[in-house]
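The numbering of the sequence shown is the numbering used here, which starts it at 5 and goes up by one. Glycine included, each C-beta is placed from N, C-alpha and C at the ideal position. Every value quoted in this text rests on a predicted model; they were computed, and no experiment measured them.
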Amino acid sequence: AQAISFWSLPPVPGAMLAPGVPPAPATPVPRATVAPLLGLAALALAAGRQRLTTHAPALTLRGPWGGCPSRPQRVPRRAGGGPAADVDRWVGENGVVVFSKTWCPFCQKAKEALTSAGAEFIAVELDEREDGDEIQAVLAERTGARTVPRVFVGGKCIGGGTDTVRLQASGELAAMLAELSG
């Protein structure tokens with residue numbers, strides 16, 4: 005098998021910049037120009053790996069006090085059962101659970117909708133956990149969707165960010181929360 009680089013690809017038949025003028029052949033960018041960019045990319049990649057491996061898994065508690073997170077609560081390493089058991093425990097022991105990622109705008113909208121509705125909830129930030137991908141796979145298997153957020157109220161998945169915002173706007177979320185408390 006012959007390795008093909010970007011520079012060795014054959015020209016696209018009929019590709020012209022102007023009628024009758026073929027495109028200029030591709031020339032490699034000098035290494036002196038590319039090396040600093042590769043160094044930055046390597047640093048970013050290393051920083052990302054370090055973040056994934058050095059952060060202890062955390063749950064962030066949020067509530068009707070304006071959406072300000074409390075101090076992240078340390079989640080103990082599981083003794084057994086794996087991510088499926090963790091998901092069962094969190095959903096079973098808490099009225100409202102959001103499986104989220106810190107950078108996700110839909111996750112933020114879901115959390116804001118829950119806060120506006122007066123919900124006390126825990127947010128499991130999957131991007132801050134070493135087993136976040138495994139938890140996300142469990143959620144995909146159970147809910148039929150791999151996207152985040154996955155929002156659970158009273159043990160039932162109510163959907164994602166758009167669903168949570170819609171339920172909050174219609175008043176249905178407040179009714180679900182009222183059922184939980186009484």
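Requested in this report: May I have a chain-ordered list of the beta strand (DSSP E) segments no shorter than 3 residues that lie completely inside the stretch 74-147?
Outcome: 100-104 and 125-129
Query raised in the report: Ends of the beta strand (DSSP E) at residue 163?
Result: For this step, residue 163 is matched to residue 159 along the sequence shown. 160-163 is the span of the beta strand (DSSP E), which, as asked, contains residue 163.
Query raised in the report: How many angstroms separate the CA atom of residue 139 from the CA atom of residue 151?
Result: Taking the sequence shown and counting its residues from 1, one reaches residue 139 at position 135. Taking the sequence shown and counting its residues from 1, one reaches residue 151 at position 147. Near 12 Å, if we compare the C-alpha coordinates of residue 151 and residue 139.
Query raised in the report: Where do the N-terminal and C-terminal ends of the beta strand (DSSP E) with residue 154 fall, by residue?
Result: The residue you call residue 154 lines up with position 150 of the sequence shown. It spans 154-157 - the beta strand (DSSP E) in which residue 154 sits, taken as one unbroken run.
Requested in this report: Below 8 Å CB to CB, which residues in the same chain sit around residue 180 once its five sequence neighbours on both sides are set aside?
Outcome: Within the sequence shown, residue 180 is the residue found at index 176, counting from 1. For residue 180, the CB contacts under 8 Å within the same chain, skipping 5 residues up- and downstream, are 157, 158, 162 and 171 in chain order.
Query raised in the report: Leaving out five residues before and five after residue 147 in sequence, what residues of the same chain have Cβ atoms less than 7 Å from its Cβ?
Result: In the sequence shown, counting from the first residue as 1, residue 147 sits at position 143. If we look at residue 147 and ignore the five residues flanking it on each side, its Cβ neighbours are 154 and 161.
Report task. Specify the secondary structure class of residue 149 as computed by DSSP and reduced to three states. Result -> Residue mapping note: residue 149 aligns to position 145 of the sequence shown, counting from 1. In the displayed model, residue 149 falls within coil according to three-state DSSP, outside both helix and strand.
Report task. For residue 167, collect the residues of the same chain with a Cβ closer than 6 Å to its Cβ; drop the 5 residues on either side in sequence, then sort them by chain order. Result -> Reading the sequence shown from its first residue, position 163 is the one you call residue 167. Answer for residue 167: no residue qualifies.
Query raised in the report: Rounded to a whole number of angstroms, what is the C-alpha to C-alpha distance between residue 117 and residue 169?
Result: Numbered from 1 along the sequence shown, position 113 holds the residue referred to as residue 117. Numbered from 1 along the sequence shown, position 165 holds the residue referred to as residue 169. Each residue's alpha carbon lies about 5 Å from the other.
Query raised in the report: Thinking C-alpha only, which one of 121, 123, 122 and 141 is nearest residue 130?
Result: If you number the sequence shown from 1, residue 130 lands on position 126. The shortest C-alpha separation from residue 130 is found at 141.
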